[in-house]
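Q: Encoded as structure tokens, here's the structure I'll be asking about.
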Amino acid sequence: MAAAEVSSARGRQFEAAVEKLRAGVQAMTAWVGGAEAEGLGEALIQIREAGIDPLEAVFASGVRRFDKSGEYKADGALSLTAWLRWKCKLSGGAAMERVEIARQLEKLPQTQAAFASGDVGYQHVAVLARAAEHVGATAVRKEEGALLQAAQTMDPSQFTTVAKNFEHRVDAAGALAEANHAYQRRYFHISEPVDGLVRLDGMLDAEGGATLRTALQPFMHPVKDDDRSYGQRCAEALVELGRHGGSGSKRDGAGPRPQLIIRASLDTLAGIKGAPAGELEGGGTVPAETVQRYACDSAISRITGQGELEHELNHAARTLPASTRRALEARDRHCVFPGCTRPLNWCDGHHMVWWTRGGETTLPNLALLCRPHHRMVHEEGWVLERTKDANWKAKPPFHRISANARSA
Ligand SMILES: [Zn+2]
Ligand SMILES: [Zn+2]
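Just so you know, the sequence shown maps onto residues 0 to 407 in numbering that gives the first Met the number 0.
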């Protein structure tokens, strides 16, 4: 057979293979589209076991040969990783991981077979490839069977722990060096506020990460009818941790907490139209509603401005005397917002008639509100009411707008 005929025969084979691949995807698309809910779980498993993972194994072997041939240079790419980013639409990290897997798999035949048959998933293979990169494929090969067995019964993060233990056994010095290197890369950055948002960005070593995760845990519990996303709960937990400032074990909400210092004018406190925003001492501004919320509980903020605002306002002190706080806690026991049970140390003392509007700091005018609900009342316009039978009612913002319209 002439060379041209061979290459055109190979070309037809390739086209037929692509055709079959697409047909398989189409068949699965049609099936999932019409599937009953109970069949979907098995479909998702098979999509990975019979489709995505074995295809990733094929992709890896293709990448390995493409790597050796250097053919990617023909397209003008400077490296295989660059080519994968460009032509296969992968991020830099995803491309690098696939090149590493391709290179290591060649030396890990059992892993390659398990990958191709869908017995282990892509992420497990990535963990093994990284282990091979760290301690050498020869060392991994010696325990490959046991590692693969572990991989089949664990999710990737559990398996990472097993792999790290293995690396430590084989090369304690290397594992220490890696931990030290990771520690060196630690950083945390809090940006200046832009459009009312502060961006957080950082990396912690494993120990730091675990410490933070453990510290956040008590603040992470969802409450009844919680519609916050996981990310929103994480964010709130981090701020809550900051508020507690290491005195997390202290149950007395009026105890020493890091105080936020806000500079605000009288007009802002009074909520007069056209008043300037409140200025946070740490940088950034907050709307008048937030200043008013902070004015509710003196334990969490100190408000400064022209002269002594508290005297000028001629109000009773907004500071909750310890005895009042204790009586408030004994009466309310937790956040009083209907359905909420967040404990005392999450709660501010809220003035039902706002302190900025002349409300007194006495028990009948006070209520315990957790931070998210306190915020809903001040910034989102929810109205909290105490009913005659000493229950609490919360009305959504619409009522407030119409109530204001009536009283105006
Ligand atoms: Zn309040
Ligand atoms: Zn609450």
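Beta carbons are placed, not taken as given, at the ideal position from N, Cα and C, and that holds for glycine.
1. Here's a check: name, in chain order, each residue in its chain whose Cβ is nearer than 6 Å to the Cβ of GLU55, leaving out the five neighbours to either side.
2. Hey, ALA236 and PHE218: beta-carbon distance below 7 Å or not?
3. Classify ALA3: buried if its beta carbon has 16 or more other beta carbons within 10 angstroms, exposed otherwise.
4. Hey, is CYS295 close to ligand 1, as in C-beta under 6 Å from one of its heavy atoms?
5. Can you give me the C-alpha to C-alpha distance between GLU132 and GLN103, rounded to a whole angstrom?
6. I'd like to confirm something about HIS350: is its beta-carbon nearer than 6 Å to some heavy atom of ligand 2, or not?
7. Please state the DSSP three-state secondary structure of CYS87.
8. Can at least three beta-carbon pairs, one atom from the stretch 144–157 and one from the stretch 174–193, be found at a separation below 8 Å?
9. Would you kindly work out how many angstroms separate the C-alpha atoms of CYS346 and ALA326, rounded to a whole number?
10. For ASP52, which option in THR110, ARG330 and ALA8 has the closest C-alpha, if you only look at C-alpha atoms?
11. How many Å lie between THR340 and VAL169 at the Cα?
12. Do you know offhand how far HIS123's Cα is from LEU107's?
13. CYS369 lies in the alpha helix (DSSP H); which residues open and close that run?
14. Identify every run of the alpha helix (DSSP H) within the stretch 10–53, keeping only runs that are complete inside it and at least 4 residues long; order them along the chain.
15. In or out: ASN313 buried (at least 16 other Cβ within 10 Å) or exposed?
16. Alpha carbon to alpha carbon, how far is TRP82 from VAL238? Give it in angstroms, no decimals.
17. Please tell me whether, using a cut-off of 6 Å, the distance from the CB of ARG292 to the nearest non-hydrogen atom of ligand 1 is below it.
18. Just to confirm, is the Cβ distance from TRP391 to VAL335 under 7 Å?
19. Looking only at its own chain, which residues have a Cβ that is under 7 Å from the Cβ of THR355, when we skip the five neighbours before and after it?
20. Give a yes or no on whether the C-beta atoms belonging to ALA162 and ALA130 are separated by under 7 Å.
21. Between the C-alpha atoms of VAL285 and MET202, what's the straight-line distance to the nearest angstrom?
22. Leaving out five residues before and five after ASP296 in sequence, what residues of the same chain have Cβ atoms less than 6 Å from its Cβ?
23. With a threshold of 8 Å, are at least 3 pairs of Cβ atoms found where one atom belongs to the stretch 271–278 and the other to the stretch 359–369?
24. Here's a check: name, in chain order, each residue in its chain whose Cβ is nearer than 8 Å to the Cβ of GLU379, leaving out the five neighbours to either side.
25. Count the other C-beta atoms from every protein chain shown that fall within 10 angstroms of the C-beta of GLU206, then say buried if there are 16 or more, exposed otherwise.
26. With DSSP as the reference, identify every bridge partner of TYR182, one or two as the case may be.
27. CB-CB under 8 Å to VAL197, same chain, minus the five flanking residues each way: which ones, in chain order?
28. Name the two residues that bound the continuous beta strand (DSSP E) containing LYS163.
29. Quick one: grab the DSSP three-state call for GLU235.
30. Would you list the residues sitting across from ARG324 in a DSSP beta bridge?
31. Taking the continuous alpha helix (DSSP H) assigned at GLU206, which residues delimit it?
32. Three-state secondary structure (DSSP) at LEU196?
33. Put SER248 into one of helix, strand or coil per three-state DSSP.
34. Could you spell out where the alpha helix (DSSP H) holding ASP266 opens and where it closes?
35. List in chain order the residues whose CB is within less than 5 Å of at least one heavy atom of ligand 2.
36. Measure the C-alpha to C-alpha separation of HIS220 and LEU383 and round it to an integer number of angstroms.
A: Well, looking at it:
1. Here the set comprises TYR121.
2. yes
3. exposed
4. Because some heavy atom of ligand 1 lies under 6 Å away, the Cβ of CYS295 counts as near it: yes.
5. 7 Å
6. no
7. coil
8. no
9. 14 Å
10. Nearest option by C-alpha distance: THR110.
11. 50 Å
12. 13 Å
13. Taken as a continuous stretch (DSSP letters only), CYS369 belongs to no alpha helix (DSSP H), being part of the beta strand (DSSP E) at 365–369.
14. Every unbroken stretch of the alpha helix (DSSP H) spanning 4 or more residues and falling wholly within the stretch 10–53 is given here in chain order: 36–45.
15. Confidence in ASN313 is poor, its pLDDT being 48 and thus under 50, which makes the residue's placement too unreliable to answer from.
16. 42 Å
17. yes
18. yes
19. Setting aside the 5 residues that flank it on each side, THR355 is surrounded in the same chain by LEU268, ALA269, GLY270, GLN291 and ALA294, each with a C-beta closer than 7 Å to its C-beta; the list follows chain order.
20. In contact: ALA162 and ALA130 (Cβ atoms closer than 7 Å).
21. 28 Å
22. The residues ASP347 and GLY348, in chain order, have a CB closer than 6 Å to that of ASP296 in the same chain once the five nearest residues on each side in sequence are set aside.
23. no
24. PRO396
25. Around the CB of GLU206, fewer than 16 other CB atoms lie within 10 Å, so the residue is classed as exposed.
26. Answer by DSSP bridge pairing: none, since TYR182 is not bridged.
27. ILE189, SER190, GLU191 and GLY283
28. Element bounds for LYS163: not the beta strand (DSSP E) but the alpha helix (DSSP H), 155–169.
29. helix
30. For ARG324, DSSP assigns no beta-bridge partner whatsoever.
31. 205–215
32. strand
33. Summary for SER248: the model assigns pLDDT 43, below 50, so the residue's position carries little reliability, and this model does not support an answer.
34. Here the alpha helix (DSSP H) through ASP266 covers 265–269.
35. CYS334, PHE336, CYS339, ARG341, CYS369 and HIS372
36. 23 Å
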